[in-house]
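Trainee: If you scroll down you'll find the structure; I have some questions about it.
Protein chains: 4
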Amino acid sequence: MSKQPDPTRRSERSRQAILAAARELVSEVGYAKLTIEAIAARAGVGKQTIYRWWPSKGAVVFDSILALSEPSADSGMALPDTGDIEADLKVVMRATVAEFADPAFEAPIRALTTEIINDPGLAAQYREKLAGPVDEAKKARLRSAQRAGQIAADADLDLALELLYAPLFQRWLLRSGPLTPEYADTLVDLFLKAMRPPLRH
Amino acid sequence: MSKQPDPTRRSERSRQAILAAARELVSEVGYAKLTIEAIAARAGVGKQTIYRWWPSKGAVVFDSILALSEPSADSGMALPDTGDIEADLKVVMRATVAEFADPAFEAPIRALTTEIINDPGLAAQYREKLAGPVDEAKKARLRSAQRAGQIAADADLDLALELLYAPLFQRWLLRSGPLTPEYADTLVDLFLKAMRPPLRH
Amino acid sequence: MSKQPDPTRRSERSRQAILAAARELVSEVGYAKLTIEAIAARAGVGKQTIYRWWPSKGAVVFDSILALSEPSADSGMALPDTGDIEADLKVVMRATVAEFADPAFEAPIRALTTEIINDPGLAAQYREKLAGPVDEAKKARLRSAQRAGQIAADADLDLALELLYAPLFQRWLLRSGPLTPEYADTLVDLFLKAMRPPLRH
Amino acid sequence: MSKQPDPTRRSERSRQAILAAARELVSEVGYAKLTIEAIAARAGVGKQTIYRWWPSKGAVVFDSILALSEPSADSGMALPDTGDIEADLKVVMRATVAEFADPAFEAPIRALTTEIINDPGLAAQYREKLAGPVDEAKKARLRSAQRAGQIAADADLDLALELLYAPLFQRWLLRSGPLTPEYADTLVDLFLKAMRPPLRH
DNA sequence: CACTAACCGAGACGGTACGTCCCGTCTTCGT
DNA sequence: ACGAAGACGGGACGTACCGTCTCGGTTAGTG
Numbered sequence: 001m002s003k004q005p006d007p008t009r010r011s012e013r014s015r016q017a018i019l020a021a022a023r024e025l026v027s028e029v030g031y032a033k034l035t036i037e038a039i040a041a042r043a044g045v046g047k048q049t050i051y052r053w054w055p056s057k058g059a060v061v062f063d064s065i066l067a068l069s070e071p072s073a074d075s076g077m078a079l080p081d082t083g084d085i086e087a088d089l090k091v092v093m094r095a096t097v098a099e100f101a102d103p104a105f106e107a108p109i110r111a112l113t114t115e116i117i118n119d120p121g122l123a124a125q126y127r128e129k130l131a132g133p134v135d136e137a138k139k140a141r142l143r144s145a146q147r148a149g150q151i152a153a154d155a156d157l158d159l160a161l162e163l164l165y166a167p168l169f170q171r172w173l174l175r176s177g178p179l180t181p182e183y184a185d186t187l188v189d190l191f192l193k194a195m196r197p198p199l200r201h
Numbered sequence: 001m002s003k004q005p006d007p008t009r010r011s012e013r014s015r016q017a018i019l020a021a022a023r024e025l026v027s028e029v030g031y032a033k034l035t036i037e038a039i040a041a042r043a044g045v046g047k048q049t050i051y052r053w054w055p056s057k058g059a060v061v062f063d064s065i066l067a068l069s070e071p072s073a074d075s076g077m078a079l080p081d082t083g084d085i086e087a088d089l090k091v092v093m094r095a096t097v098a099e100f101a102d103p104a105f106e107a108p109i110r111a112l113t114t115e116i117i118n119d120p121g122l123a124a125q126y127r128e129k130l131a132g133p134v135d136e137a138k139k140a141r142l143r144s145a146q147r148a149g150q151i152a153a154d155a156d157l158d159l160a161l162e163l164l165y166a167p168l169f170q171r172w173l174l175r176s177g178p179l180t181p182e183y184a185d186t187l188v189d190l191f192l193k194a195m196r197p198p199l200r201h
Numbered sequence: 001m002s003k004q005p006d007p008t009r010r011s012e013r014s015r016q017a018i019l020a021a022a023r024e025l026v027s028e029v030g031y032a033k034l035t036i037e038a039i040a041a042r043a044g045v046g047k048q049t050i051y052r053w054w055p056s057k058g059a060v061v062f063d064s065i066l067a068l069s070e071p072s073a074d075s076g077m078a079l080p081d082t083g084d085i086e087a088d089l090k091v092v093m094r095a096t097v098a099e100f101a102d103p104a105f106e107a108p109i110r111a112l113t114t115e116i117i118n119d120p121g122l123a124a125q126y127r128e129k130l131a132g133p134v135d136e137a138k139k140a141r142l143r144s145a146q147r148a149g150q151i152a153a154d155a156d157l158d159l160a161l162e163l164l165y166a167p168l169f170q171r172w173l174l175r176s177g178p179l180t181p182e183y184a185d186t187l188v189d190l191f192l193k194a195m196r197p198p199l200r201h
Numbered sequence: 001m002s003k004q005p006d007p008t009r010r011s012e013r014s015r016q017a018i019l020a021a022a023r024e025l026v027s028e029v030g031y032a033k034l035t036i037e038a039i040a041a042r043a044g045v046g047k048q049t050i051y052r053w054w055p056s057k058g059a060v061v062f063d064s065i066l067a068l069s070e071p072s073a074d075s076g077m078a079l080p081d082t083g084d085i086e087a088d089l090k091v092v093m094r095a096t097v098a099e100f101a102d103p104a105f106e107a108p109i110r111a112l113t114t115e116i117i118n119d120p121g122l123a124a125q126y127r128e129k130l131a132g133p134v135d136e137a138k139k140a141r142l143r144s145a146q147r148a149g150q151i152a153a154d155a156d157l158d159l160a161l162e163l164l165y166a167p168l169f170q171r172w173l174l175r176s177g178p179l180t181p182e183y184a185d186t187l188v189d190l191f192l193k194a195m196r197p198p199l200r201h
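In the order they appear, the protein sequences are chains A, B, C and D.
Residue numbering for the first sequence follows UniProt numbering, starting at 1 and increasing by one per position.
Residue numbering for the second sequence follows UniProt numbering, starting at 1 and increasing by one per position.
Residue numbering for the third sequence follows UniProt numbering, starting at 1 and increasing by one per position.
Residue numbering for the fourth sequence follows UniProt numbering, starting at 1 and increasing by one per position.
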């Protein structure tokens with residue numbers, strides 16, 4: 001029977017200030033050195049106001065990143081579909097490479113990933129709120145390619161996404177190699193070779 | 001000009017006690033709640049003895065895992081080579097799946113990965129000391145398959161390893177799906193399809 | 001521009017617990033072995049609560065002794081005045097001798113003195129808060145004696161107090177000789193001889 | 001049956017270096033912040049060499065001050081005796097005032113006093129080695145004055161020294177007033193008044 | 001239109017851990 | 001064998017944050 005705060009009373013001004021402060025501080029000092037006290041101070045907010053609405057530091061950071069992505073999530077979120085799956089995937093993969101190289105994205109995403117690894121709850125939220133919609137858009141494009149006979153009709157699309165993106169993600173996460181547009185292209189080529197439909201005689 | 005301790009005077013007894021304590025505590029309380037003080041107390045050691053030889057909590061944990069792997073690293077570290085690359089890879093991949101499922105391995109590896117993500121220095125050490133030897137063994141097996149004409153002779157083997165392992169690693173790291181022997185097999189199948197040498201007429 | 005804590009929010013309960021713990025611990029282990037950590041633990045208080053309100057160990061001990069004296073300071077604080085300055089001073093000096101011999105007083109006062117010697121700031125506080133009122137009372141009695149023609153009318157009373165008390169204080173502080181009632185009497189006799197008014201014809 | 005070090009093997013060079021380092025450091029950082037490690041480092045000596053020959057920090061500092069006084073202690077150590085006790089004492093007292101005002105003397109003496117207060121063993125050593133000879137010289141001068149009928153023949157000379165010096169010492173120790181040549185003179189005047197022999201008719 | 005309940009900023013509180021300093025002991029090596 | 005060097009187990013330091021807990025002071029919505 002614990003006391004739940006009343007969301008209708010919540011100060012939107014404070015919420016925005018907290019998320020903005022969290023975003024800034026993650027970029028400035030990194031996730032590990034980020035503290036609730038610093039967020040509260042930067043946001044001009046009492047600590048209690050943070051503890052009232054978020055259960056953990058990770059949750060705040062997660063929301064702060066989520067808040068960035070939401071506006072674009074409302075809009076279409078569809079991948080290009082020119083009919084040429086290879087060209088379309090290369091465009092998308094090269095864009096992903098560019099995103100990972102952008103320092104403004106890198107710090108928060110790395111922070112978020114760190115937290116997700118050790119918090120299954122956040123991981124679930126991540127898949128639902130952030131990865132989910134994006135993955136759906138990607139799978140929609142692959143389904144279109146299946147219909148066009150460009151990739152195997154019976155392919156497991158979740159697995160397909162892993163095959164395509166996991167090498168890129170791992171190389172970035174562990175810094176185990178350079179992320180270049182050529183690398184993106186090569187991954188697409190290998191992916192298509194693996195997913196190619198069986199030959200008809 | 002800074003003062004470095006003299007490694008020849010180092011107490012091997014203390015070193016072992018610290019690494020053992022770190023290993024135990026990571027399993028017991030998890031990496032995030034692991035503290036230097038707890039390691040020192042468990043090891044019966046002064047905190048300064050830890051700070052003297054390791055720059056960070058991450059470095060201690062890294063060494064504690066490294067110490068586990070070293071004995072086996074001395075021995076052969078060769079993968080099975082029956083001539084059947086598909087069968088051999090499936091054995092290895094299934095073993096990897098099993099390893100990731102073992103809670104005794106999972107906790108420290110997850111801890112290590114967390115640390116590696118945010119510490120490029122540790123990441124480099126990881127690649128050199130832990131991943132390196134293993135990857136070399138795997139690439140040796142793939143080279144053997146190249147000689148046997150089972151995979152493309154001009155394939156980039158680092159990339160090949162990423163294609164084969166990254167999906168598995170990512171699924172485990174982000175808990176984005178079940179790790180089963182069948183999954184391991186499927187990855188091998190897709191991998192071989194992608195790496196297959198071009199047909200000669 | 002530095003951040004001061006707000007005294008109105010101060011916890012009186014904690015303040016009392018800290019002063020009591022400090023008093024007890026000085027008696028138990030002595031001033032040199034007294035630690036802030038032990039005071040905090042005994043008082044059931046966070047260390048920060050001590051550091052927030054006191055600048056040093058010495059200041060805490062000082063306050064803990066001050067707190068003891070304050071209640072009596074409110075009351076009269078007047079010395080006996082029977083008209084016989086010799087008898088009155090001997091009573092007071094013998095009382096001082098007895099006080100110095102009481103182990104319950106000795107430890108904290110010795111601690112306090114140690115700290116005062118090396119901290120001019122504390123020394124000033126000591127004179128204002130502790131020694132000051134007592135000295136005033138003593139000087140009041142001497143002034144009465146001046147009016148009665150028992151000691152020189154033009155005598156410097158601060159100097160007079162030094163002449164009377166310093167030998168006693170020094171013998172106690174340096175343990176350079178026994179503190180007996182007879183010693184007290186002798187000091188009064190010498191003091192009166194030195195302060196006697198000049199003879200009239 | 002603990003192992004005693006053999007004094008014949010003792011390195012005089014190290015002993016001197018340690019005492020010099022202690023003297024310097026007391027002046028530089030004060031007694032409270034003085035550490036054995038700093039003394040050892042400054043002296044270019046192992047810590048064990050200090051622990052082998054001295055039981056405590058206080059003992060080292062005591063010896064370091066003692067070493068300064070010893071050369072002069074060997075020589076005469078007699079006070080001036082012009083036959084005029086008042087003039088002679090004023091010279092000596094004014095010299096003491098000047099000594100206390102000298103910062104080079106002040107720091108170590110204050111440190112020494114601090115230690116003596118809390119260590120009865122050191123106090124005894126102090127009286128024997130340092131204060132003793134000086135006091136003897138002073139008492140010799142007073143005895144001469146007794147013979148000359150300038151002070152009471154039956155006066156307790158230890159008490160006399162306290163009466164004369166304690167006010168000065170206390171004022172310096174507690175910083176309770178200015179130390180001036182006039183103050184020294186006044187003390188001598190009062191002292192002589194108190195010690196004056198009884199009138200003969 | 002007062003009343004009152006909630007959120008809010010602020011920040012003191014009991015704690016835990018930090019990374020550092022120094023203690024006094026012990027060990028190694030060089031002279 | 002002593003001395004320099006310094007690693008060791010240990011204890012305390014003073015600081016940074018944790019998450020909880022009052023404090024007034026707004027700020028709604030209700031009676």
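Where a beta carbon is used, it is the ideal one built from N, C-alpha and C, also for glycine.
Where B:A32 and B:A101 are concerned, what is the direct C-alpha to C-alpha distance, given to the nearest angstrom?
Mentor: In the second sequence, counting from the first residue as 1, residue 32 of chain B sits at position 32. In the second sequence, counting from the first residue as 1, residue 101 of chain B sits at position 101. If you take the alpha carbons of B:A32 and B:A101, they lie about 20 Å apart.
Trainee: Checking contacts by CB at 8 Å: is B:P120 closer than that to chain A?
Mentor: For the purposes of this step, residue 120 of chain B is taken as the residue at position 120 of the second sequence. Yes, B:P120 counts as interfacial toward chain A.
Trainee: Determine the direct distance from the alpha carbon of A:A22 to that of B:L122, and round the result to whole angstroms.
Mentor: Stepping through the second sequence from its first residue, residue 122 of chain B is reached at position 122. Stepping through the first sequence from its first residue, residue 22 of chain A is reached at position 22. For B:L122 and A:A22, the distance between alpha carbons rounds to 26 Å.
Trainee: Just verifying my parser: in three-state terms, what is the DSSP assignment at C:R34?
Mentor: Residue numbering aside, residue 34 of chain C sits at position 34 when the third sequence is read from its first letter. It should be noted that the sequence gives Leu, not Arg, for residue 34 of chain C. Note: C:L34 maps to coil in three-state DSSP.
Trainee: So, using beta-carbon positions, are A:I151 and A:P198 closer together than 8 Å?
Mentor: Taking the first residue of the first sequence as 1, we reach residue 151 of chain A at position 151. Taking the first residue of the first sequence as 1, we reach residue 198 of chain A at position 198. Cβ atoms of A:I151 and A:P198: not closer than 8 Å.
Trainee: Does the stretch 112-127 of chain C touch the stretch 8-19 of chain D, meaning 3 or more C-beta pairs lie closer than 8 Å?
Mentor: No, they do not touch.
Trainee: How would you list, in chain order, the residues of chain A whose beta-carbon sits under 9 Å from the beta-carbon of B:E162?
Mentor: For the purposes of this step, residue 162 of chain B is taken as residue 162 along the second sequence, with counting starting at 1. Residues of chain A passing the Cβ test: A166, P167, L168, Q170, R171, S176, G177 and L187.
Trainee: Excluding sequence positions up to five away, which residues of its chain have a Cβ less than 8 Å from the Cβ of A:K193?
Mentor: Locating residue 193 of chain A in the first sequence gives position 193, where the first residue counts as 1. No residues qualify anywhere along the chain.
Trainee: Figure out for me which residue from C:G30, C:L89, C:T35 and C:S14 has the closest Cα to the Cα of C:W53.
Mentor: Along the third sequence, read from residue 1 onward, the residue named residue 53 of chain C stands at position 53. Checked all of C:G30, C:L89, C:T35 and C:S14; the closest Cα to C:W53 is C:S14.
Trainee: Cα-Cα, which of B:S64, B:D158, B:L190 and B:D135 is closest to B:A17?
Mentor: Position 17 of the second sequence, counted from the start, is the residue given in the question as residue 17 of chain B. It is B:S64 whose Cα lies nearest to the Cα of B:A17.
Trainee: What does a CB cutoff of less than 8 Å around B:E24 pick up in its chain, not counting 5 residues either side in sequence?
Mentor: Along the second sequence, one-based indexing puts residue 24 of chain B at 24. Contacts found: R42.
Trainee: Rounded to whole angstroms, what is the Cα-Cα separation between A:T96 and B:A124?
Mentor: Working through the first sequence from its first residue, we reach residue 96 of chain A at position 96. Working through the second sequence from its first residue, we reach residue 124 of chain B at position 124. Roughly 24 Å between the two C-alpha positions.
Trainee: Grouping DSSP H, G and I as helix and E and B as strand, with all else coil, what is D:L174?
Mentor: Counting from one through the fourth sequence, the residue named residue 174 of chain D turns up at place 174. D:L174: coil per DSSP, three-state reduction.
Trainee: Once the 5 residues before and after D:G83 are set aside, which same chain residues still bring their CB inside 8 Å of it?
Mentor: Here residue 83 of chain D corresponds to residue number 83 of the fourth sequence, with the count starting at 1. Excluding sequence neighbours, D:G83 sits near A148.
Trainee: For A:R143, return the contacting residues in chain B, with the cut-off set at a CB-CB distance below 7 Å.
Mentor: Indexing the first sequence from 1 puts residue 143 of chain A at position 143. What A:R143 touches in chain B: nothing, since even the nearest Cβ is about 18 Å away.
Trainee: Under 8 Å between the Cβ atoms of D:L79 and D:A137?
Mentor: What you label residue 79 of chain D is simply residue 79 of the fourth sequence in a count that begins at 1. What you label residue 137 of chain D is simply residue 137 of the fourth sequence in a count that begins at 1. A contact, by the Cβ cut-off of 8 Å.
Trainee: So the candidates are D:A20, D:K139, D:S27 and D:E182; which of them puts its Cα closest to the Cα of D:I109?
Mentor: Here residue 109 of chain D is taken as the residue at index 109 of the fourth sequence, counted from 1. Taking only the C-alpha atoms, the option nearest D:I109 is D:S27.
Trainee: Using DSSP with H/G/I as helix, E/B as strand and the rest coil, what is A:D63?
Mentor: The residue labelled residue 63 of chain A in the question sits at position 63 within the first sequence. Looking at A:D63 - three-state DSSP - the assignment turns out to be helix.
Trainee: Measuring only the C-alpha atoms, how far is A:L159 from A:T180?
Mentor: As a working note, residue 159 of chain A is residue 159 in the first sequence. As a working note, residue 180 of chain A is residue 180 in the first sequence. Cα to Cα, the separation comes out at about 23 Å.
Trainee: What is the C-beta distance between D:M93 and D:V29, in whole angstroms, given that I count them as a contact (C-beta under 8 Å)?
Mentor: Within the fourth sequence, the letter at position 93 stands for residue 93 of chain D. Within the fourth sequence, the letter at position 29 stands for residue 29 of chain D. Not quite, the Cβ-Cβ distance comes to about 31 Å (not below 8 Å), so this is no contact.
Trainee: For the candidate residues D:E182, D:I36, D:R175 and D:A40, whose alpha-carbon lies nearest to that of C:P120?
Mentor: The sequence position of residue 120 of chain C within the third sequence is 120, counting from 1. It is D:R175.
Trainee: Report the rounded CA-to-CA distance for B:K139 versus D:G46, giving the unit in angstroms.
Mentor: What you label residue 139 of chain B is simply residue 139 of the second sequence in a count that begins at 1. What you label residue 46 of chain D is simply residue 46 of the fourth sequence in a count that begins at 1. So the two alpha carbons sit approximately 55 Å from each other.
Trainee: What are the boundary residues of the alpha helix (DSSP H) that A:K139 is part of?
Mentor: Counting from one through the first sequence, the residue named residue 139 of chain A turns up at place 139. From DSSP, the alpha helix (DSSP H) with A:K139 extends over G132 to R147.
Trainee: When DSSP labels each residue in this structure, what does C:S27 get in the three-state scheme?
Mentor: Locating residue 27 of chain C in the third sequence gives position 27, counting from the first residue. Three-state DSSP puts C:S27 in a helix.
Trainee: Between the C-alpha atoms of D:A155 and C:T35, what's the straight-line distance to the nearest angstrom?
Mentor: Working through the fourth sequence from its first residue, we reach residue 155 of chain D at position 155. Working through the third sequence from its first residue, we reach residue 35 of chain C at position 35. Cα-Cα distance, rounded: 47 Å.
Trainee: Mapping DSSP to helix, strand and coil, what is A:R10?
Mentor: Residue mapping note: residue 10 of chain A aligns to position 10 of the first sequence, counting from 1. A:R10: coil per DSSP, three-state reduction.
Trainee: If you draw a straight line from the alpha carbon of B:Q146 to that of B:A153, how long is it in whole angstroms?
Mentor: The residue labelled residue 146 of chain B in the question sits at position 146 within the second sequence. The residue labelled residue 153 of chain B in the question sits at position 153 within the second sequence. Rounded to whole angstroms, B:Q146 to B:A153 spans 5 Å at the Cα level.
Trainee: A:A40: buried (16+ other C-beta within 10 angstroms of its C-beta) or exposed?
Mentor: The sequence position of residue 40 of chain A within the first sequence is 40, counting from 1. Label assigned to A:A40: buried.
Trainee: DSSP state of B:S69, grouped into three classes?
Mentor: Position 69 of the second sequence holds residue 69 of chain B. In the structure shown, B:S69 sits in a helix (DSSP, three-state: H, G or I).
Trainee: Quick one: residues in its chain with C-beta nearer than 8 Å to the C-beta of D:A59, no 5 flanking neighbours on either side, listed in chain order?
Mentor: One-based indexing of the fourth sequence puts residue 59 of chain D at position 59. If we look at D:A59 and ignore the five residues flanking it on each side, its Cβ neighbours are L122.
Trainee: Excluding the five sequence neighbours on either side, which residues of its own chain have a C-beta within less than 7 Å of the C-beta of A:D185, listed in chain order?
Mentor: One-based indexing of the first sequence puts residue 185 of chain A at position 185. Around A:D185: K90.
Trainee: Closer than 9 Å by beta-carbon distance: list the chain A residues that pair up with B:P158, in chain order.
Mentor: As a working mapping, residue 158 of chain B is identified with position 158 in the second sequence. Sequence inspection shows Asp at residue 158 of chain B; the Pro mentioned does not correspond to that position. By Cβ distance, chain A contributes S176 and G177.
Trainee: Report all residues from its chain with a CB closer than 7 Å to the CB of D:I50; omit the five preceding and five following residues, and keep chain order.
Mentor: Looking up residue 50 of chain D in the fourth sequence gives position 50. So the list reads I18, I36, I39, A40 and V60, once near-sequence residues are dropped.
Trainee: Going by beta-carbon coordinates alone, are D:F169 and C:Q170 separated by less than 8 Å?
Mentor: Start at 1 with the first residue of the fourth sequence, and residue 169 of chain D comes out as number 169. Start at 1 with the first residue of the third sequence, and residue 170 of chain C comes out as number 170. In this structure, C:Q170 lies closer than 8 Å to D:F169 by Cβ.
Trainee: Give a yes or no on whether 8 Å exceeds the smallest Cβ distance from B:A194 to chain A.
Mentor: Locating residue 194 of chain B in the second sequence gives position 194, where the first residue counts as 1. Judged by the 8 Å Cβ criterion, B:A194 is in contact with chain A.
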